[in-house]
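Read the structure below first, then the notes.
Numbering (the numbering used here), first residue to last: 14 to 192.
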């Protein structure tokens with residue numbers, strides 16, 4: 014008989030049942046045959062969908078960049094606030110310039126922090142539940158700048174869903190030039 018190469022003998026030994034009365038060494042079988050097949054399947058899956066995944070990631074990054082340009086390039090101030098906590102979760106560059114706060118500082122504020130105490134009821138009412146998409150307007154209201162001075166503004170707000178939660182997006186127009 015012809016002698017088989019050593020690796021073939023090992024493969025045959027792994028595949029064939031164990032000697033009578035002895036159990037098969039399945040862990041050795043699994044580590045030599047099953048795991049490499051699983052790894053290969055995973056690699057084939059990755060190769061197949063890697064291009065699609067990369068395209069989706071690129072499209073998402075492009076979309077985020079496009080919206081950031083729109084929001085940060087807007088002349089109107091934009092603020093996004095959680096409807097329940099009333100905390101701001103986003104502020105664009107225009108509102109930062111208008112009121113003198115940084116974007117990071119806005120994340121620690123609510124509308125009650127940037128309006129005079131006598132307007133508190135008006136702003137609390139704007140945060141009461143309303144039909145999504147319904148416009149809310151507040152004209153000739155005052156905002157308090159970081160330096161303590163006031164700025165007359167008009168605010169148009171709309172309820173939106175952001176990250177699965179209700180939020181209010183406010184569009185703030187500086188009225189100081191018009192008065």
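C-beta: ideal position from N, C-alpha, C; glycine also. The structure displayed is predicted, hence computed values, not measured ones.
Quiz item: When the Cα atoms are used, what is the spatial distance from residue 188 to residue 90?
Solution: 12 Å
Quiz prompt | Segment contact, 8 Å Cβ cut-off, at least three pairs: the segment 163-172 with the segment 76-85 | solution = no
Quiz prompt | Three-state class that DSSP yields for residue 95 in the structure shown | solution = strand
Quiz item: Under a three-way DSSP split, which group does residue 158 fall into?
Solution: coil
Self-check item: Cut-off 6 Å between Cβ atoms - residues of its own chain near residue 100, not counting five sequence neighbours on either side
Solution: 123
Practice problem: Reducing DSSP to helix, strand and coil, say where residue 129 ends up. | Solution: coil
Self-check item: Of the listed residues 94, 98, 104, nearest to residue 88 (C-alpha basis)
Solution: 104
Exercise. Take residue 191 as the anchor and find which of 165, 151, 175, 93 has the nearest alpha-carbon.
Key: 165
Quiz item: Using CA coordinates, which residue listed in 65, 55, 57, 121 is at the minimum distance from residue 98?
Solution: 121
Quiz item: Sorted by chain position, which residues of the same chain lie with C-beta nearer than 8 Å to residue 155's C-beta, five sequence neighbours on each side aside?
Solution: 128, 129, 132, 163, 164, 165, 166
Quiz item: Are residue 86 and residue 160 touching if we call contact CB-CB under 7 Å?
Solution: no
Exercise. Let me know the secondary structure DSSP gives residue 86 once reduced to three states.
Key: helix
Quiz item: Helix, strand or coil: how does DSSP classify residue 167 here?
Solution: strand
Quiz item: Starting from residue 140 and walking both ways along the alpha helix (DSSP H), at which residues does that stretch end?
Solution: No alpha helix (DSSP H) contains residue 140, which DSSP labels as neither H nor E.
Quiz item: Are the beta-carbon atoms belonging to residue 96 and residue 140 less than 7 Å from one another?
Solution: yes
Quiz item: In terms of residues, what are the limits of the beta strand (DSSP E) holding residue 181?
Solution: 178-187
Quiz item: Closest to residue 186 by CA distance: which of 150, 179, 177 is it?
Solution: 150
Exercise. Determine the DSSP secondary structure at residue 191, reduced to helix, strand or coil.
Key: coil
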